[in-house]
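Student:
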Amino acid sequence: ENDGDGGEDSAQRHATAEAANALAEQAEKERLERKRQRQLARAKRFGEKLAKRGVVYMSRVPPYMRPEKVKHLLGQFGEITRIYLVQEDASVARRRKKLGGNRSPFYVEGWIEFADRKVAKQVAESLNNTKVGGKKRGFYTEDIWNLKYLRKFTWSHLTEKKAYERRVREHKLRLEMVAAKKQNEEFREMVDKNKMIRSIEERKSSRKRAAENAEGEDAGDLESSTTGMAGLGSMNKIRRRFHQHKPIVEAKRGRAAPLDSDILSKMVSSRFGE
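According to full-length UniProt numbering, the sequence shown holds residues 1 to 274 in order.
1. Grouping DSSP H, G and I as helix and E and B as strand, with all else coil, what is residue 54?
2. Would you kindly report the start and end of the unbroken beta strand (DSSP E) that includes residue 132?
3. Based on Cα-Cα distance, which residue from 41, 73, 103, 86 lies nearest to residue 134?
4. Starting from the Cα of residue 142, find the closest Cα among 34, 71, 130 and give me that residue.
5. I need the straight-line Cα distance from residue 215 to residue 208, nearest angstrom please.
6. Does any residue of chain D have a CB that is nearer than 8 angstroms to the CB of residue 107?
7. Could you check where the beta strand (DSSP E) with residue 147 kicks off and where it finishes?
8. Is the Cβ-Cβ distance between residue 63 and residue 114 less than 8 angstroms?
9. When the Cα atoms are used, what is the spatial distance from residue 177 to residue 170?
10. With 16 as the cutoff for other CB atoms within 10 Å, does residue 65 come out buried or exposed?
11. Starting from the C-beta of residue 69, find all residues in its chain whose C-beta is less than 8 angstroms away, skip the five residues before and the five after it, and write them out in chain order.
12. Mind checking whether residue 145 and residue 158 have CB atoms under 8 angstroms apart?
13. Which residue wins for smallest C-alpha separation from residue 60, given the options 132, 197, 99?
14. State the DSSP-derived secondary structure class of residue 251, mapped to helix, strand or coil.
15. Kindly list the residues whose CB is nearer than 7 angstroms to the CB of residue 14, restricted to its own chain and excluding five residues on each side of it in sequence; keep chain order.
16. Would you grab the beta carbon distance between residue 80 and residue 110 for me? Rounded to a whole angstrom, and I think it's under 8 angstroms.
17. Measuring alpha carbon to alpha carbon, tell me which of 50, 76, 92 ends up nearest residue 153.
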């Protein structure tokens, strides 16, 4: 009986533990569901707030006016939830600073989100093309507001626009890098080709100069040999020149005149007398 009672007690305890675990799981599910419902309610309320917001576009920001100053000036007319101003191009800023200009950041355009779109519309319509005002000697007193209410425009559109512009800018940068790489390769190929052409021309010119020098030496040898032959011929001619006595001929018959008998006898006597 004791063993039977112990088995029943253990089974009862096991069933109680399972029931407790099931209740705990159920309670956890209910808690998570209530949390999810609260999150959905907050998201809904936030969405309704977002739907009530309005965005004003500032096409021109007064020179060197910072976002804090814009929020201070326009926040007097209604609650501003978010503001975004676009700085000028970095190259323009560097050039201005290099030329000794103002080193403060310069903004070119911006978007201001008001908590109430009705307030945003009123601010844009009432302040557009009017002076900023303020103190008489204020830095922005004579500047003009350039504001426009963007109907059915939300901040998500702006983030999508900026993301799209960033993607376009990155794509453009990649294309420029590819084009620059291609230009560098073409330039390198052109340089190599020019070097090859220059080396070929130099070899041709060196061979041409060598041929001209060889022809000059041959011509000089030929000229010297010709000069030597000419000198030898002139010497031969000079050597063969000698004076010849003309034969004695009769003036009328054109034949040799007979020797005188006295001369002839002397020649015979001298020859045989020896």
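Where is the CB? At the ideal position from N, CA and C, for every residue including glycine.
Tutor: Per the coordinate set shown:
1. Of the three classes helix, strand and coil, the one that applies to residue 54 here is strand, per DSSP.
2. Premise fails: residue 132 is in no beta strand (DSSP E) and is neither H nor E.
3. Here the closest residue by C-alpha is 73.
4. Distances from the CA of residue 142 to each of 34, 71, 130 were compared; the closest alpha carbon is that of 130.
5. Rounded to the nearest whole angstrom, the CA to CA distance from residue 215 to residue 208 is 10 angstroms.
6. Protein chains in the displayed structure number just one, and chain D is not present.
7. Looking at the DSSP string, the run of the beta strand (DSSP E) that includes residue 147 is 147-150.
8. Using a Cβ distance threshold of 8 angstroms, residue 63 and residue 114 do not count as a contacting pair.
9. Rounded to the nearest angstrom, the two C-alpha atoms are 10 angstroms apart.
10. Residue 65 comes out buried.
11. Excluding sequence neighbours, residue 69 sits near 140.
12. No. Outside cutoff.
13. Residue 60 has its Cα closest to that of 132, out of 132, 197, 99.
14. Confidence is the limiting factor: at residue 251 the pLDDT is only 47, short of 50, which leaves the residue's position unreliable and the question unanswerable from this model.
15. Closer than 7 angstroms at the Cβ level, and outside the excluded window around residue 14, lies no residue.
16. 12 angstroms between Cβ atoms; not a contact.
17. Nearest to residue 153 by C-alpha distance, out of 50, 76, 92, is 50.
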